[in-house]
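Student:
Numbering (my numbering), first residue to last: 1 to 185.
(1) Please identify the residue among 156, 133, 182, 185 whose C-alpha is closest to the C-alpha of residue 171.
(2) Which residues bound the alpha helix (DSSP H) around residue 3?
(3) I'd like the ranges of any beta strand (DSSP E) spanning at least 3 consecutive residues and lying wholly in the segment 110-158.
(4) At what residues does the alpha helix (DSSP H) containing residue 37 begin and finish?
(5) Going by C-alpha to C-alpha distance, which of 28, 8, 66, 90 sits closest to residue 166?
(6) Helix, strand or coil for residue 67 per DSSP?
(7) From residue 9 to residue 59, what does the alpha carbon distance come to, in whole angstroms?
(8) Report the option in 13, 71, 125, 40 whose CA atom is closest to the CA atom of residue 2.
(9) To the nearest whole angstrom, what separates the beta carbons of residue 98 and residue 107, a pair I think is in contact under 8 Å?
(10) Excluding the 5 residues flanking residue 104 on each side, which residues of the same chain have their C-beta closer than 7 Å to its C-beta?
(11) Relative to the alpha-carbon of residue 141, which residue among 149, 178, 37 has its alpha-carbon at the smallest distance?
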């Protein structure tokens, strides 16, 4: 017997006749359909292409469940979305309070101005006593601790924890995960 027919019979026997995805860390997309896998065989996630084909034929109806981002290189869902420096691509960036010294114009991270409990300009060595008179605090910005680049906004990329590929978020493959119901057909 065709395994897809066996699957349709199995779905018809459950109440309600619905296949819901379950989290599965072995599946390529992070979800699997255990009932379908039992009928169709294969590893977790292998059944999804069969379910999609059956939905294309009108045997199953799709209902939105979730979206997952997949690695553009290996199609794994194991992506780490992270902020990186646009200059050196390091993920070693953090929000840092900045100081602008009016007298000499130097702008840098607050940590460069600290001299014990007081502030001193690292460029001209003048003390900074009064905010608004000697210095200001511009909006918090990002600092790359690898290349010392000061950033208004870091780039966001995704690193695949399976294959190591790093790519822009716009390069990730977006896949819709569905709930499948028996169709009237």
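The beta-carbon is built from N, C-alpha and C at its ideal position, and this holds for glycine as well. Everything numeric in this text was worked out from a predicted model, so none of it was measured.
Tutor: Taking the coordinates as given:
(1) Checking every option, the nearest Cα to that of residue 171 belongs to 156.
(2) Residues 3-13.
(3) Taking 3 residues as the minimum length, the beta strand (DSSP E) runs contained wholly in the segment 110-158 are 118-120, 141-144, in order along the chain.
(4) 34-40
(5) 90
(6) strand
(7) 12 Å
(8) 40
(9) 6 Å
(10) 121, 123, 124
(11) 149
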